[in-house]
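**Student:** In our numbering, the protein residues as written are 3 to 142.
1. Can you tell me where the beta strand (DSSP E) holding residue 73 begins and where it ends?
2. Just to check my reading of the structure: residue 66 and residue 125 have Cβ atoms closer than 8 Å, yes? What is that Cβ distance to the nearest angstrom?
3. Just how far apart, CA to CA, sit residue 96 and residue 109?
4. Quick one: Cα of residue 89 to Cα of residue 29, how far?
5. Taking the alpha-carbon positions, what's the residue 38 to residue 93 distance?
6. Assuming contact is defined by CB atoms lying nearer than 9 Å, are residue 69 and residue 54 in contact in what I supplied?
7. With distances taken between CB atoms, is the gap from residue 98 to residue 115 smaller than 9 Å?
8. Who are the Cβ neighbours of residue 118 in its own chain at under 8 Å, not counting the five residues just before and after it?
9. Using a Cβ-Cβ cut-off of 7 Å (strictly less than) and excluding sequence neighbours within five positions of residue 40, which residues of its own chain qualify?
10. Could you work out which residue in 104, 27, 127 is closest to residue 121 when comparing CA atoms only?
11. Cβ of residue 22 versus every heavy atom of the ligand FMN: is any distance shorter than 8 Å?
12. Can you tell me which of the three DSSP states residue 1 falls into?
13. Leaving out the 5 sequence neighbours to the left and right, which residues in its chain are closer than 8 Å to residue 36 when beta-carbon positions are compared?
14. CB residue 82 to CB residue 123, shorter than 9 Å?
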């Protein structure tokens, strides 16, 4: 006599009516907070491998690793606002050189650092990899 295999449940594990959540949205706002050691030179580094913008000629997505290094003066940038700010470029058309410099300009305006450097390492497109470096101030 053959044993009957147990049947797998075909019922969904999630309810039909999902709860409503507030969805995080991109923003152009950069929030700041007081530096814990104003006057002392120290370096903060942010890195992301998930930066995207659009090619202004084709509309295709461009992907990049961004590295943001800076020595704050009186203000530091808050990381969640930085994430949402960077996300705001996802649907914007921009040349690599322009977007890297725009990020530097906006961060300098928000934080007024002693020194800041933005490295935009854009992934290969058409056999060419682009690395754009923009800098402000002097590193101590």
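Heads up, the beta-carbon is just placed ideally off N, CA and C, and yes, glycines get one too.
**Tutor:** Answer, in terms of the structure:
1. In the DSSP assignment, residue 73 falls within the beta strand (DSSP E) that extends over 63 to 73.
2. 7 Å
3. 18 Å
4. 7 Å
5. Rounded to the nearest angstrom, the two C-alpha atoms are 35 Å apart.
6. Going by beta carbons, residue 69 and residue 54 fall outside the 9 Å limit.
7. no
8. 70, 71, 72, 73, 106, 109, 110, 137, 138, 139
9. Cβ neighbours of residue 40 beyond the five flanking positions: 75, 76.
10. 104
11. Ligands in the displayed structure: none, and consequently the ligand FMN is not present.
12. Any property of residue 1 remains undetermined from this structure, which presents the chain solely from 3 to 142.
13. 76, 77, 78
14. At the C-beta level, residue 82 and residue 123 stay beyond 9 Å of one another.
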